[in-house]
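Structure, as structure tokens:
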Amino acid sequence: MIKKCLFPVAGYGTRFLPATKSMPKEMLPVVNKPLVQYGVEEALEAGLTEVGFVTGRGKRAIADHFDVNYELEKEIEGSSKEQYLESIRDVMEKGKFSFTRQTEMRGLGDAILNGRRLMGDDPFGVVLSDDLCLTGDDEGVLAQMVRLYKQFRCSIVAIQEVPEDQISKFGVIAGEKMKEGLYQVSDMVEKPKLEDAPSNLAIIGRYILTPDIFEVLENTPPGKNGEVQLTDALLTQAKNGCVMAYQFKGKRFDCGSVEGFVGATNYVYDNIYTAD
Ligand code: UTP
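This note's numbering applies: residue -14 is where the sequence shown begins, and numbers increase by one.
And the structure:
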């Protein structure tokens, strides 16, 4: 079964400058927890306990977050402040973490290819942690997708309907509707112009990938914006076999943008932080 999950976290985060000049955007806190921890908690909940990160220059804070901070922990040991470390200690206990680096930021597809050694020959989840997905008390988005994987055994992308003025920011799919919220992908276009978009169904930052994706990525030339696009590799997989697109249940916030990040912060503060 699926045990592994890859977190590509090497991107520059230009939409969030100057905050991201020396700090990874994945460490931006939504209320009191960094974005990447939300993503890792979602992976662990889905049973994906072998967590791999593709990091880059300036991203050391991410590795430090999933390690002990001996001095700090010693300092607050036994005090009431120790409770603030509970969630990260729980994550560190459940997960096994490994890291590799992307040396040139050649796009998401290239970042995933860099994660090959960490993921090996097994199917694996992918989380883009700047997409914060919240499901309340219901199953997390990755757990929903793992359940589908057991049924279809092929790559799966999470999708959501987006308004027309947003379409050009996403990878967009066309597909045959299998049942409510589930499509077999026939076409995929990365960041299309509105008139070229095959639908309003946009791919968001959750994937299950079968390991043949690495072979495909190796043979995928740079596409849109000169970057190796995961969307292009997934289209090859769809044409050679099968890729499913799943309209997940839950809320998604694009925390790579200031507006999405503020929306997420308000939502988490009102519905999770103060409700606890
Ligand atoms: P984004 O498209 O959000 O790019 O990448 P970005 O560089 O992080 O942010 P902006 O657009 O400049 O503000 C989607 C995901 O892919 C990772 C990013 O870290 C993010 O999680 N990524 C992207 C890489 O790991 N390497 C890359 O070369 C590009």
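Even glycine gets a Cβ: it sits at the ideal position worked out from N, Cα and C.
Residue i Cβ short of 8 Å to the ligand UTP heavy atom set
i	result
Y192	no
E58	no
E11	yes
Q87	yes
E1	Residue identity differs from the one stated: residue 1 is Phe in this sequence, not Glu. Yes - the ligand UTP has a heavy atom lying nearer than 8 Å to the Cβ of F1.
Y(-3)	yes
L93	yes
L113	yes
V39	yes
P(-7)	yes
G241	yes
A48	no
M90	yes
E62	no
E175	no
A230	no
Residue i (DSSP reduced to helix, strand or coil)
i	result
M173	strand
R42	coil
M163	strand
S83	strand
A28	helix
V243	helix
R0	helix
R91	coil
I47	helix
K209	helix
D115	coil
Contact check, residue i vs residue j, beta carbons under 9 Å
i	j	result
M229	I141	yes
V15	T259	no
V36	F51	yes
P108	I193	yes
T5	G41	no
M173	G190	no
M90	Y(-3)	yes
E11	D122	no
N185	E244	no
P196	I158	no
F1	S242	yes
Whole-Å CB distance - residue i paired with residue j, under 8 Å assumed
i	j	result
I(-13)	L29	Rounded, the Cβ-Cβ distance is 12 Å, inconsistent with contact.
G160	Q232	Actually they are not in contact, since the Cβ atoms of G160 and Q232 sit about 11 Å apart, beyond 8 Å.
A31	G110	7 Å
G100	T120	So it is not a contact: roughly 25 Å between Cβ atoms.
V213	G92	5 Å
Endpoints, the alpha helix (DSSP H) within which residue i is located
i	result
R132	V126 to F137
A218	L215 to N225
L57	Y55 to I61
L103	R101 to M104
Residue interval of the beta strand (DSSP E) (run including residue i)
i	result
E146	S140 to E146
M229	V228 to Q232
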